[in-house]
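K.L.:
Going down the list, the protein sequences come from chains A and B. Heads up: the first sequence begins at 1 in the UniProt record's numbering, then just goes up one per residue. Heads up: the second sequence begins at 1 in the UniProt record's numbering, then just goes up one per residue.
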Amino acid sequence: MQGSSEGQLQIRLITKQQIHAVPDVPLSVPQAIDTKSLNELVNQLLRESNPDQLKSVEFDFLAIGELLRVPLIEHLQERNVSTETTVEVEYIERTPAPEPKDSLLHDDWVCGIESSDKWILTGCYDNSVNIWTTHGKIVTSLKEHKNIVKAVSWIDKTDAGKGFISVSHDLTGIIWTYEAGTDSVTPKAILRGHERGIDTVGISPNSSRIATGGWDTNLKLWSTSLEDDGSEHIHKKSRSSNTVLTKTPLNTLKGHKEGISAVNWIDNYVVSTVSMDHTIKFWDAELCGIKNEIIGQKAYLSSSWSPLNNTLLASSADRHIRLYDPRSTEGSLCKTTFTSHTLWVSSVTWSNYDSNLFLSGGYDSAVKMWDTRSPKAPLYNLQGHQGQVLKVDWSNRKYMVSGGSDNSVHIFKNKHV
Amino acid sequence: MGNKREIKSSLKRNSVEEETYVNNEVESDEDDELLNVINGEDEDSSDDEANDGSENELSSEEDAGGETDEDSDENDADSEENDQESEDDDEENDSDEENESGEDDEENKNSEDDEENKSSEDDEEASKFSECSIKKTESYNGVKKLKNKNKLVPSKKLPAVTKSDEYEEFDSSDEEDIRNTVGNIPMNWYDEYKHLGYDWDGNKIIRPETGDQLDAFLKRMEDPDFWRTVKDPQTGQNVVLSEEDINLIKRIKAQKIPDETFDEYAPWIEWFTSEVEQMPLRKFPEHKRSFLPSKHEARKVSKLVHALKMGWIKTMAEAEKLRAKKEPQFYMLWQTDDKAEEMRRIYNHISAPKRLLPGHAESYNPPPEYLFDEKELKQWNKLKNAPWKRKLHFIPEKYDSLRKVPAYPRFIKERFLRCLDLYLCPRAIKMKLNIEPESLVPKLPSPKDLQPFPTVLAIEYKGHTDMVRSISTDKTGQYLLSGSDDCTIKIWEVNTGRCLKTIKTDSVVRSVEWCPNAALSLVLVASGQEVMLINPNVGDFLVNSKTDAVLQEVPKSDVVVPDRVRTTIQWSEPDSEQHQRGVRLILKHFKDVSQVTWHGKGDYFATVMPDGQNRSVLISQISRRRSQLPFTKSKGLVQYVLFHPTKPFLFVATQRHVRIYDLVKQTLLKKLLTNSKWISCMAIHPLGDNLLVGTYDRKMLWFDLDLSTKPYQTLRLHGTAVRGVAFHKHYPLFASGSDDRSLIVSHGMVYNDLLQNPLIVPLKRLQDHEAFNDFGIFGVVFHPLQPWVFSSGADGTIKLYNN
């Protein structure tokens, strides 16, 4: 690390992963050192301290809280940080690149996806709801809806046996029961109450409540219980042997001026919605009122709430993904803007195990894997889609699933398990 | 002095006599010499002189009283002679003749003749001459003078004597010199002569004989006055200085005041002191005016005060202040630097343009590259008949030195041609305005401050195979309707670009519009001669079914449809196949329908058949399934009709004019003059006071209906025909699409304040459509809620631009 003509920088390498710890001494490195050289340096240090380690580990480096993507000096200069002092460079094991695993072909555009541990649920523009195994085998295709199925959701992501919900532009949602492994899927209840197409559905963390939102601008809360809770009388469906319960919303929360494009449960009692009317609203599901409101600049298309870091990701009708911290009291609520997509970002979703990782899909047919510490460039571009990406899902940590207007669902295997 | 004058005058009068006298004297001088020689060796030069003088002296003595000499024994003989002579002068000429020798006699006789003629004057003259002689003797012989004085005092017979006394008092050296009449000249001029000058009588003053060394020595030894004897250069005589003279010289030498009597230590009398004296210095009293203020001065002071008041003069302090305030003043030598001096003879004279300075080719010794080679010379010669085509009007020539350059033969001719040019081409002042192009552009706010407006292409709606002529959105902005030349209408999901429905029609779709009534799920489609009401079956199925139900039941009307209407339009139910497609009602027109438009409430709609003559505009009502022909007369080729958003007004655009009709009162409200050839489309501001008209001649006209019937602003933003214009319902935006494939989004702010004119700022040109058959963009529609704009193009695509 000596003898370079340009200036040297004092860095201290730190890590939170104890197995990769190196001696905590300041090092002098060339200013223009990049990730690759730092990697070599750390691996060399590791080998020195632990001769048994043979396999080199790929690391990513964080300086001033952001991932290093350019030479260190440029990174520091961009953030107006003095190069005189010792720079703390944290290194983390690099998130390994996802591996394309499978492609599930549909008959039409896929706009609703959710995966559970073994199954992948998709909603399709051909009015069908499909269940696939994670290995790419179709289990069943259900054509109960009369219009495009906009969103699907497992009632319990860890237990597919509890059934799932699909919502559609035919103004209804259906609660299905599913016996895992078999194709015996039965609609159990129809959610009636929306006046326009339903665009989004969300299940509360305790799987007891459903929130739906759509073009009629109303947020409706439903119960997941399939018992006749006395709200409506049972409406027999002629073509189904089983009786289908018709459910009406427990609550209708009015407040948005335009269509609701995404619903997220924050905890069991709070729902967040993003809407085309440029607002993000937080609703109290118990008191049925607006708790909080964030007014943005653009129409929102999707959102995702992470219970790990209590922040909301929202994508709007432009190229950016915005990270909102609704609790922050100072400065703007928008903490970070992630820009890499070239067209609208149709869908974002947090990873459910790492508070820094999330996935996004856009109309530029790109699926991107992001680290929140790197707002300018994503970690990986997951390629494969031919048309617009309409929905991405990462509810099963092993699989990143995306569906789009090329009638296919792409599954990427997450190596970072 | 008066005497002197007299003498002179007498001299003039008797010039002849004087000559004779002179002659006399010369002769007498000669006689004297002879006498001197006779008198013997004892007499020194001084004696001789004394002799000369003695003549006069004696005569004067005789004048004084004719008394005898007592003093000098030495000059006895001489004196006797002199006495005689003087007697001649003084007394009768007759007696002179007797005493003198024969020669003298002859002379005297001549003089006698003259003198006899003027005998009366002679007396006077004689006396004067005597006076002069007395003076002269006094000058050179002080001692004798004193003696003479003593002698003269007693005798006061003649006035001449008293006069001589006077002269003695004012004895001066000047008068001594007078004896020699040559004047104040360097005496060495007379070095070569025997004489030193002339005395008053005109006789030569003979240079006195200078004794030899021995004489000088003897004199020194013998003469006790030798030390005070000096030589008079004028006369060459020795003068013995008197005691007074010696004293004088001594005092001067001792640097004392020459006047002995002056007491330099006399007590100081302070005449003018500051102390007030008891008695005045002067004996007369002070004048009255010395006690009164001076009127003259007062007048002067008042003049100064007035001048100060008027600011004509400044006090020192003021002047200093002014000087400090003033910048250093520079002034132009000429009137101005940049303007030609005004010529009084020629008003607004324009000076002749300057000739070009000579270049290298004109040089007498140009560099070789300027000299003509053969080819150039040939070329030059070839242009003999067209000399104005030549590059140079002369052949460059080379000379060794400037003096070898011959006279330029064409000089006169060229001067003449120049003059001719100046004469034949009158000069004129060309007024030129320098206006910065920037200053002509009105000040508009920056587009950045006018956000949001659509800037980026977001979604393309692909699916149509031919030109998409018309687009429309539903009220929520969820769906988009498009009608195309491929005989289909399509319904799109706005947010995803998904085509949800495609409905085939029988003919080219020229115009589509979504029903503004949210309770009805209906779209109006103009396809060929038919206008169809189609239920697109998207959105709320309740509304869809309700719409179907409403359209199902035919309202009963007992009104007889007039023939004119019946021949124009026929309402008909669709067949089952059409019903399947969603068609709910078909209105068959008698001509091709180019445009349909809904009234804001969604019950009425208007259709346009440009070829329909006086039946070209038709207003139909769905609820009553009735049509009306509002116009009985054709005012021209109707291009476009529009309903006012709130009032029952109908805007009808013919080729050149837009007419506004009140449908309730059935009157023409206004006629807007577009000043363009062919109107293509119109859009009305949601508030209803501003109308935007697009024309095929590339213009967009913004009419402020409250302001005037002429366009408030004419926008020439497009290069070719404008085919679609649209206002946004909420945002202050309007957009226009044209055949040059560009969609231009502009800011069009309409203020509630009636006094403030609308603000129009072109914001963004979006050019993504492809040209097809020389067509670019047909339909322009804004998203009803978002600041997004849709454009449909001849290339079969619809594009959505977002902010």
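A virtual CB, placed ideally from N, CA and C, is assigned to each residue, including glycine.
Would you kindly check if the distance between the Cβ of residue 729 (chain B) and the Cβ of residue 784 (chain B) is under 8 Å?
P.N.:
Taking the second sequence and counting its residues from 1, one reaches residue 784 (chain B) at position 784. Taking the second sequence and counting its residues from 1, one reaches residue 729 (chain B) at position 729. For residue 784 (chain B) and residue 729 (chain B), yes; Cβs fall inside 8 Å.
K.L.:
Name the two residues that bound the continuous beta strand (DSSP E) containing residue 778 (chain B).
P.N.:
Mapped onto the second sequence, residue 778 (chain B) falls at position 778. Per DSSP, residue 778 (chain B) belongs to the beta strand (DSSP E) from 777-782.
K.L.:
Rounded to the nearest angstrom, what separates residue 210 (chain B) and residue 228 (chain B) at their Cα positions?
P.N.:
Counting from 1 along the second sequence, the entry for residue 210 (chain B) is found at position 210. Counting from 1 along the second sequence, the entry for residue 228 (chain B) is found at position 228. For residue 210 (chain B) and residue 228 (chain B), the distance between alpha carbons rounds to 18 Å.
K.L.:
Terminal residues of the continuous alpha helix (DSSP H) containing residue 567 (chain B)?
P.N.:
As a working note, residue 567 (chain B) is residue 567 in the second sequence. 563-568 is the span of the alpha helix (DSSP H), which, as asked, contains residue 567 (chain B).
K.L.:
Name the residues in the stretch 288-314 of chain A whose C-beta lies less than 9 Å from a C-beta of chain B; which are they?
P.N.:
Those residues of the stretch 288-314 of chain A that come within reach of chain B (Cβ to Cβ, closer than 9 Å) are 297, 298, 299 and 301.
K.L.:
Are the stretch 398-407 of chain A and the stretch 324-342 of chain A touching, with three or more C-beta to C-beta distances below 8 Å?
P.N.:
Flag = no, the stretch 398-407 of chain A and the stretch 324-342 of chain A do not touch.
K.L.:
Taking only beta-carbon positions, decide if residue 317 (chain A) is within less than 8 Å of chain B.
P.N.:
Residue mapping note: residue 317 (chain A) aligns to position 317 of the first sequence, counting from 1. Yes, residue 317 (chain A) lies at the interface with chain B (some Cβ there is under 8 Å from its Cβ).
K.L.:
Taking the CB atoms as reference points, tell me whether residue 398 (chain A) and residue 381 (chain A) lie closer together than 8 Å.
P.N.:
Residue numbering aside, residue 398 (chain A) sits at position 398 when the first sequence is read from its first letter. Residue numbering aside, residue 381 (chain A) sits at position 381 when the first sequence is read from its first letter. Contact: no.
K.L.:
How long is the line joining the alpha carbons of residue 187 (chain B) and residue 193 (chain B), rounded to whole angstroms?
P.N.:
Indexing the second sequence from 1 puts residue 187 (chain B) at position 187. Indexing the second sequence from 1 puts residue 193 (chain B) at position 193. Answer to the nearest angstrom: the Cα atoms are 11 Å apart.
K.L.:
Which of helix, strand or coil does DSSP assign to residue 626 (chain B)?
P.N.:
On the second sequence, residue 626 (chain B) is found 626 positions in, with the first residue counted as 1. If DSSP states are grouped into helix, strand and coil, residue 626 (chain B) belongs with the strands.
K.L.:
So the candidates are A:113, A:99 and A:17; which of them puts its Cα closest to the Cα of residue 383 (chain A)?
P.N.:
Along the first sequence, read from residue 1 onward, the residue named residue 383 (chain A) stands at position 383. Taking only the C-alpha atoms, the option nearest residue 383 (chain A) is A:99.
K.L.:
Does the separation of the CB atoms of residue 485 (chain B) and residue 469 (chain B) fall below 8 Å?
P.N.:
Reading the second sequence from its first residue, position 485 is the one you call residue 485 (chain B). Reading the second sequence from its first residue, position 469 is the one you call residue 469 (chain B). Yes, Cβ-Cβ distance for residue 485 (chain B) and residue 469 (chain B) is below 8 Å.
K.L.:
From the DSSP secondary-structure annotation, give me the bridge partner or partners of residue 290 (chain A).
P.N.:
Walking along the first sequence from the start, residue 290 (chain A) turns up at place 290. DSSP, once it has assigned bridges, lists A:283 as partnering residue 290 (chain A).
K.L.:
At a Cβ threshold of 8 Å, is residue 13 (chain A) touching chain B?
P.N.:
Position 13 of the first sequence holds residue 13 (chain A). No, residue 13 (chain A) lies away from the interface with chain B (no Cβ there is under 8 Å from its Cβ).
K.L.:
Which one or two residues does DSSP pair with residue 205 (chain A) in a beta bridge?
P.N.:
Here residue 205 (chain A) refers to the residue found at position 205 of the first sequence. In DSSP, residue 205 (chain A) forms no bridge with anything.
K.L.:
Determine the contact status of residue 598 (chain B) and residue 650 (chain B), defining contact as a CB-CB distance below 8 Å.
P.N.:
Along the second sequence, one-based indexing puts residue 598 (chain B) at 598. Along the second sequence, one-based indexing puts residue 650 (chain B) at 650. No. Outside cutoff.
K.L.:
Anything in chain A within Cβ reach of residue 459 (chain B), meaning under 9 Å, just list it in chain order.
P.N.:
For the purposes of this step, residue 459 (chain B) is taken as residue 459 along the second sequence, with counting starting at 1. By Cβ distance, chain A contributes 343, 344, 363 and 388.
K.L.:
At a cut of 8 Å, does the stretch 79-98 of chain A reach the stretch 11-26 of chain A through at least three beta carbon pairs?
P.N.:
Touching, yes, given that three or more Cβ pairs across the two stretches are closer than 8 Å.
K.L.:
Only counting the same chain, and skipping five residues up and downstream in sequence, which positions put a Cβ closer than 7 Å to that of residue 141 (chain A)?
P.N.:
Start at 1 with the first residue of the first sequence, and residue 141 (chain A) comes out as number 141. Closer than 7 Å at Cβ, skipping near neighbours: 128 and 130.
K.L.:
Look at residue 586 (chain B) and residue 530 (chain B) and say whether their C-beta atoms are less than 8 Å apart.
P.N.:
Along the second sequence, read from residue 1 onward, the residue named residue 586 (chain B) stands at position 586. Along the second sequence, read from residue 1 onward, the residue named residue 530 (chain B) stands at position 530. Yes, they are a contact pair.
K.L.:
Does the stretch 198-207 of chain A come close enough to the stretch 166-184 of chain A to have 3 or more Cβ pairs within less than 8 Å?
P.N.:
Taking 8 Å as the limit for Cβ pairs, the verdict is that the stretch 166-184 of chain A does touch the stretch 198-207 of chain A.
K.L.:
Taking the Cβ atom as the reference point for each residue, do residue 179 (chain A) and residue 152 (chain A) lie within a distance shorter than 8 Å?
P.N.:
As a position in the first sequence, residue 179 (chain A) is number 179, starting the count at 1. As a position in the first sequence, residue 152 (chain A) is number 152, starting the count at 1. The answer is no: Cβ separation not under 8 Å.
K.L.:
With which residues is residue 381 (chain A) paired in a DSSP beta bridge?
P.N.:
Here residue 381 (chain A) refers to the residue found at position 381 of the first sequence. Per DSSP, A:368.
K.L.:
Rounded to the nearest angstrom, what separates residue 206 (chain A) and residue 284 (chain A) at their Cα positions?
P.N.:
Residue 206 (chain A) sits at position 206 when you count from the first residue of the first sequence. Residue 284 (chain A) sits at position 284 when you count from the first residue of the first sequence. When rounded, the distance between both Cα atoms is 16 Å.
K.L.:
Between residue 103 (chain A) and residue 410 (chain A), which are expected to be in contact by the criterion C-beta below 8 Å, what is the C-beta distance as a whole number of angstroms?
P.N.:
For the purposes of this step, residue 103 (chain A) is taken as the residue at position 103 of the first sequence. For the purposes of this step, residue 410 (chain A) is taken as the residue at position 410 of the first sequence. So it is a contact: roughly 5 Å between Cβ atoms.
K.L.:
If we ignore side chains and look at the alpha-carbon of each, how far apart do residue 280 (chain A) and residue 221 (chain A) end up?
P.N.:
Counting from 1 along the first sequence, the entry for residue 280 (chain A) is found at position 280. Counting from 1 along the first sequence, the entry for residue 221 (chain A) is found at position 221. Between residue 280 (chain A) and residue 221 (chain A), the C-alpha separation is close to 17 Å.
K.L.:
For residue 213 (chain A), write down the residues that DSSP places opposite it in a beta bridge.
P.N.:
The count along the first sequence starts at 1 and reaches residue 213 (chain A) at position 213. Note: residue 213 (chain A) sits in a beta bridge opposite A:200 and A:219.
K.L.:
Beta-carbon within less than 6 Å of residue 571 (chain B)'s beta-carbon, same chain only, minus the 5 sequence neighbours each way: which residues are those?
P.N.:
As a first step, residue 571 (chain B) must be located in the second sequence, where it is residue number 571. Hits under 6 Å: 587 and 625.
K.L.:
Using 8 Å as the limit for Cβ to Cβ distance, is residue 540 (chain B) near chain A?
P.N.:
Within the second sequence, numbered from 1, the residue matching residue 540 (chain B) stands at position 540. Output row for residue 540 (chain B): interface = yes.
K.L.:
Over the uninterrupted beta strand (DSSP E) stretch that includes residue 458 (chain B), give me the two end residues.
P.N.:
Along the second sequence, read from residue 1 onward, the residue named residue 458 (chain B) stands at position 458. Taken as a continuous stretch (DSSP letters only), the beta strand (DSSP E) holding residue 458 (chain B) covers 456-462.
K.L.:
Give the DSSP bridge partners of residue 713 (chain B), in chain order.
P.N.:
Indexing the second sequence from 1 puts residue 713 (chain B) at position 713. B:702, per the DSSP bridge assignment.
K.L.:
How is the beta strand (DSSP E) around residue 657 (chain B) delimited, first residue to last?
P.N.:
Along the second sequence, read from residue 1 onward, the residue named residue 657 (chain B) stands at position 657. Residues 657-662.
K.L.:
Would you mind telling me which residues of chain A sit closer than 9 Å to residue 802 (chain B), beta carbon to beta carbon, in chain order?
P.N.:
In the second sequence, counting from the first residue as 1, residue 802 (chain B) sits at position 802. The contacting residues are 298, 299, 317, 318 and 344.
K.L.:
Nearest to residue 400 (chain A) by alpha carbon, out of A:376, A:150, A:359 and A:215?
P.N.:
Counting from one through the first sequence, the residue named residue 400 (chain A) turns up at place 400. Ranking the options by Cα distance to residue 400 (chain A), first place goes to A:359.
K.L.:
What residues from chain A crowd round residue 502 (chain B), counting only those whose CB sits closer than 9 Å?
P.N.:
Numbered from its first residue, the second sequence carries residue 502 (chain B) at position 502. Those do not exist, as residue 502 (chain B) stays about 14 Å from chain A at its closest Cβ, beyond 9 Å.
K.L.:
Buried or exposed, going by whether 16 or more other CB atoms sit within 10 Å of the CB of residue 159 (chain A)?
P.N.:
To locate residue 159 (chain A), count along the first sequence from 1; it is residue 159. Exposed, because fewer than 16 other Cβ atoms sit within 10 Å of the Cβ of residue 159 (chain A).
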